[in-house]
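Chemist: Heads up: the sequence lines are chains L and A, in that order. According to my numbering, the residues represented by the first sequence are 11 to 371, in order. According to my numbering, the residues represented by the second sequence are 308 to 532, in order.
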Amino acid sequence: MSLEVAIEKNVGGFRLAVEFTADAAPLGLLGPSGSGKTMTLRAIAGLETPDRGRIALNGKVLFDSDRKINLSARERRIGLLFQNYALFPHLTAAENIAFGLRHLSDAERKRRVADQIAAAHLTGLAERYPATLSGGEQQRVALARALAIEPAALLLDEPFSALDTHLRSALERQLRETLATYRGSTLFVSHNLEEAYRVCEKIVVLANGKVAAQGPKEEVFRHPPTMEVARVTGCKNYSRARRLPDGFIEAMDWGCKLSVAQEFVKIPGHVAIRAHHIRVRSPLNSAQENSRKNIFPCWLAAMTETPFRVTLDLRIGAAPANSSDFHVQVEVFKQEWESFRDLPQPWAMELAADRLFLLPD
Amino acid sequence: MNWQAVFLSLKLAICVAGILLAVGMPIAYWITYSRWRLKFLVEAIVALPIVLPPTVLGYYILVGLGPRHFAGKLWQLLFGHTLPFTFGGLLIASVIYSLPFAVQPFSAGFESVDRRLIEASWTLGASRLSTFFRVILPLSVAGAVTGVVLSFAHTIGEFGVVLMVGGNIPGVTRTVSIDIYDQVQAANYDAANRTAVILLLFSFFVLALIYGTNRRAFSLWRGLK
Numbered sequence: 011m012s013l014e015v016a017i018e019k020n021v022g023g024f025r026l027a028v029e030f031t032a033d034a035a036p037l038g039l040l041g042p043s044g045s046g047k048t049m050t051l052r053a054i055a056g057l058e059t060p061d062r063g064r065i066a067l068n069g070k071v072l073f074d075s076d077r078k079i080n081l082s083a084r085e086r087r088i089g090l091l092f093q094n095y096a097l098f099p100h101l102t103a104a105e106n107i108a109f110g111l112r113h114l115s116d117a118e119r120k121r122r123v124a125d126q127i128a129a130a131h132l133t134g135l136a137e138r139y140p141a142t143l144s145g146g147e148q149q150r151v152a153l154a155r156a157l158a159i160e161p162a163a164l165l166l167d168e169p170f171s172a173l174d175t176h177l178r179s180a181l182e183r184q185l186r187e188t189l190a191t192y193r194g195s196t197l198f199v200s201h202n203l204e205e206a207y208r209v210c211e212k213i214v215v216l217a218n219g220k221v222a223a224q225g226p227k228e229e230v231f232r233h234p235p236t237m238e239v240a241r242v243t244g245c246k247n248y249s250r251a252r253r254l255p256d257g258f259i260e261a262m263d264w265g266c267k268l269s270v271a272q273e274f275v276k277i278p279g280h281v282a283i284r285a286h287h288i289r290v291r292s293p294l295n296s297a298q299e300n301s302r303k304n305i306f307p308c309w310l311a312a313m314t315e316t317p318f319r320v321t322l323d324l325r326i327g328a329a330p331a332n333s334s335d336f337h338v339q340v341e342v343f344k345q346e347w348e349s350f351r352d353l354p355q356p357w358a359m360e361l362a363a364d365r366l367f368l369l370p371d
Numbered sequence: 308m309n310w311q312a313v314f315l316s317l318k319l320a321i322c323v324a325g326i327l328l329a330v331g332m333p334i335a336y337w338i339t340y341s342r343w344r345l346k347f348l349v350e351a352i353v354a355l356p357i358v359l360p361p362t363v364l365g366y367y368i369l370v371g372l373g374p375r376h377f378a379g380k381l382w383q384l385l386f387g388h389t390l391p392f393t394f395g396g397l398l399i400a401s402v403i404y405s406l407p408f409a410v411q412p413f414s415a416g417f418e419s420v421d422r423r424l425i426e427a428s429w430t431l432g433a434s435r436l437s438t439f440f441r442v443i444l445p446l447s448v449a450g451a452v453t454g455v456v457l458s459f460a461h462t463i464g465e466f467g468v469v470l471m472v473g474g475n476i477p478g479v480t481r482t483v484s485i486d487i488y489d490q491v492q493a494a495n496y497d498a499a500n501r502t503a504v505i506l507l508l509f510s511f512f513v514l515a516l517i518y519g520t521n522r523r524a525f526s527l528w529r530g531l532k
């Protein structure tokens, strides 16, 4: 089970040049809007033609510019779940699911439709029209319709972006269940990194039409190779950096000296750390401070709350001049916040050495 | 009451509507989905009959279908008589005259179908023809009906083209509009009035029936979009 993609396409001023391979484990295609994710998906499905390149599914060549092979969308047997589902409004849910099954006998078609309806928990909704179904139900019908043709690959274009937040986790769980039994290659396009992380095993990060990182999800998130990838994977805190002769890194925007855990091969242009990896605690006495590294005094510039978390804008080294004068954003759970909010400032901020990203220019 | 003229008009209108349904759909399909750079030229040609004075159109058809030009000569060779002043000639002229009134509503109907539905159909394995009949057509029924009704109504009302090409031959090319004109010329206002009223009522009845039954179709699918 493999999907090999290596394509280039120029549209207007935008250059897409991507290369990656997906196997049976779901592959996430992550990137900001306009990074080329949907164009890549459409090229794989046969709805767009790349200028150059090769696409092969399980060894069968779908597109090869050198050999002038370009199978039409209908010959590729690829299931595509559109962002807005693209359900046929004039057909019932069951008829939608049966749409690609014309070539089967009546009995076989009925059986497959019934299986899909049961698997998608749509029993009782088979005769309803899409307009009378909820967003979550529509999504399940669209997925069932794509799976009914038993495609060799499944492409999901931001399947949850049109849904209410509270529906997403239930549908995500269902999608993971469905994908566990699906035997083809799966490509999951999203700009929501948490979703992609939960559903997929491997991740490809796209930025400006190019692959910026690819690999197992833990690897990509823990060791983003560039600033772009760090940003796409949700890292919020960056500082220009330079190497100091004594082996430390100076974070120029934060005004502090950091010791780092990993050997750096490339001269780091930036140092970065995730918002929830920064520890803030009560000010330590000097004895404790001397024994630990990367601890700095910090002051609170501003604070915003979400239902269960708190985001703190903190300034390192001196009290902030106003509420926008901050260096880093820190995310903590509310309980933790309670433990130091009333303590006198400056607090102690720890930028753990093994949590720092060293990003090349 | 000149029933012969009424039946002739109806026969002409029904034939034209039927022919334009068959001929107009492929043209409209091509206009909607083709990406040829020079497509606009074809669109302009199709739209010509809207702006050309009917007498100009009638003149060109008369001459073009006549025995001095290729099409007319070919017809004469095949069928032994010329096209002008026959029902056949009238039919061809009427089809050309009402072409944009069919093609444009058909095309607008196709245009209104979400492209992603068409793409979804392809990814599910349907051919372009299959996609047309199973997805595009059912969702553009309103446009199809409008095109057919307009061609029908437009043909019933034809006068200038019929006059130029038809020659006013009773039972063959004397349609109702010509007949009313004749009656007025001969100052038979009563006869003209009777014919005109019948025609008016009939046309209105047909249109109301079609829009009435189409109302459900309009709202059902518009609500679903």
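The beta carbon of each residue, even a glycine, is placed where N, CA and C say it ideally should be. A quick note: this is a predicted structure, and the numbers were derived from the prediction, not measured.
Report the residues of the segment 433-452 of chain A with a CB closer than 7 Å to any CB of chain L, ordered along the chain.
Modeler: Closer than 7 Å at the C-beta level to chain L, one finds these residues of the segment 433-452 of chain A: 433, 434, 442, 445, 446.
Chemist: When DSSP labels each residue in this structure, what does residue 358 (chain L) get in the three-state scheme?
Modeler: Three-state result, residue 358 (chain L): strand.
Chemist: Here's the rule I'm using: 16 or more other beta-carbon atoms within 10 Å means buried, otherwise exposed. How should residue 128 (chain L) be labelled?
Modeler: exposed
Chemist: Whose Cβ in chain A lies nearer than 9 Å to the Cβ of residue 94 (chain L)?
Modeler: 421, 423
Chemist: Under 7 Å Cβ-Cβ, which residues of chain L neighbour residue 337 (chain A)?
Modeler: Near residue 337 (chain A) there are no residues of chain L at all, since even the closest Cβ is about 19 Å away, more than 7 Å.
Chemist: Note down, in chain order, every chain A residue with its Cβ under 8 Å from the Cβ of residue 127 (chain L).
Modeler: The contacting residues do not exist; residue 127 (chain L) stays about 17 Å from chain A at best.
Chemist: Quick one: grab the DSSP three-state call for residue 422 (chain A).
Modeler: helix
Chemist: Compare the C-beta of residue 418 (chain A) with all C-beta atoms of chain L and state if any pair is closer than 8 Å.
Modeler: no
Chemist: Excluding five sequence neighbours on each side, which residues of the same chain lie with their C-beta closer than 7 Å to the C-beta of residue 258 (chain L)?
Modeler: 267, 268, 269
Chemist: To which residues of the same chain is residue 357 (chain A) closer than 7 Å at the C-beta, ignoring the five residues directly before and after it?
Modeler: 407
Chemist: Smallest Cα separation from residue 461 (chain A): which of A:514, A:376, A:372?
Modeler: A:514
Chemist: For residue 73 (chain L), does the count of other Cβ atoms within 10 angstroms reach 16, so buried, or fall short, so exposed?
Modeler: buried
Chemist: Less than 8 Å separating the beta-carbons of residue 432 (chain A) and residue 54 (chain L)?
Modeler: no
Chemist: Please report the straight-line C-alpha distance between residue 491 (chain A) and residue 467 (chain A), rounded to a whole angstrom.
Modeler: 16 Å
Chemist: Is residue 409 (chain A) a contact residue of the ligand COA, with contact defined as CB to any heavy atom under 7 Å?
Modeler: Absence of the ligand COA from the depicted structure is noted, as is the absence of any ligand whatsoever, leaving it without description.
Chemist: Can you tell which of A:310, A:487, A:331 has its C-alpha closest to the C-alpha of residue 452 (chain A)?
Modeler: A:331
Chemist: Report back the beta-carbon spacing between residue 221 (chain L) and residue 30 (chain L) to the nearest angstrom; my notes put them in contact at under 8 Å.
Modeler: 6 Å
Chemist: Where do the ends of the beta strand (DSSP E) carrying residue 83 (chain L) lie?
Modeler: Segment: none, residue 83 (chain L) is in no beta strand (DSSP E) and carries neither H nor E.
Chemist: Once you ignore the five residues that flank residue 93 (chain L) on each side, which residues in its own chain have a CB closer than 7 Å to its CB?
Modeler: The beta carbon of residue 93 (chain L) sits closer than 7 Å to those of 167, 168, 171, 172, all from its chain and outside the five residues before and after it, given in chain order.
Chemist: Counting only C-beta atoms, is residue 431 (chain A) closer than 8 Å to chain L at any point?
Modeler: yes
Chemist: For a cutoff of 8 Å on Cβ pairs, would you count residue 465 (chain A) as touching chain L?
Modeler: For residue 465 (chain A), not one C-beta of chain L is nearer than 8 Å to its own C-beta.
Chemist: Rounded to whole angstroms, what's the CA-CA distance from residue 36 (chain L) to residue 226 (chain L)? Just pull it up for me.
Modeler: Taking the straight line from one Cα to the other gives about 11 Å.
Chemist: Which residues, taken in chain order from the segment 36-64 of chain L, show a beta carbon closer than 9 Å to some beta carbon of chain A?
Modeler: 52, 55, 56, 57
Chemist: Would you mind giving the Cβ-Cβ distance between residue 317 (chain A) and residue 478 (chain A), rounded to the nearest angstrom? I have them listed as a contact below 8 Å.
Modeler: Actually they are not in contact, since the Cβ atoms of residue 317 (chain A) and residue 478 (chain A) sit about 13 Å apart, beyond 8 Å.
Chemist: Rounded to whole angstroms, how far is the Cβ of residue 201 (chain L) from the Cβ of residue 249 (chain L), which I believe are closer than 8 Å?
Modeler: Not a contact, Cβ separation roughly 25 Å.
Chemist: I'd like to confirm the pairing. Which residues does DSSP put opposite residue 289 (chain L) in its beta bridges?
Modeler: L:360
Chemist: Do we get a CB-CB distance below 8 Å when we pair residue 17 (chain L) with the residues of chain A?
Modeler: no
Chemist: Does the separation of the CB atoms of residue 14 (chain L) and residue 26 (chain L) fall below 8 Å?
Modeler: no
Chemist: Run through chain A and tell me which residues come within less than 7 Å of residue 159 (chain L), C-beta to C-beta.
Modeler: 431, 432
Chemist: Would residue 66 (chain L) and residue 195 (chain L) be called neighbours here (beta carbons separated by less than 8 Å)?
Modeler: For the 8 Å CB-CB criterion, residue 66 (chain L) and residue 195 (chain L) do not form a contact.
Chemist: Using the beta-carbon of each residue, which ones in chain L are nearer than 8 Å to residue 350 (chain A)?
Modeler: By Cβ distance, chain L contributes nothing, its closest Cβ being about 25 Å from residue 350 (chain A), past 8 Å.
Chemist: Can you find a CB in chain L that lies within less than 8 Å of the CB of residue 415 (chain A)?
Modeler: no
Chemist: With DSSP as the reference, label residue 497 (chain A) as helix, strand or coil.
Modeler: helix
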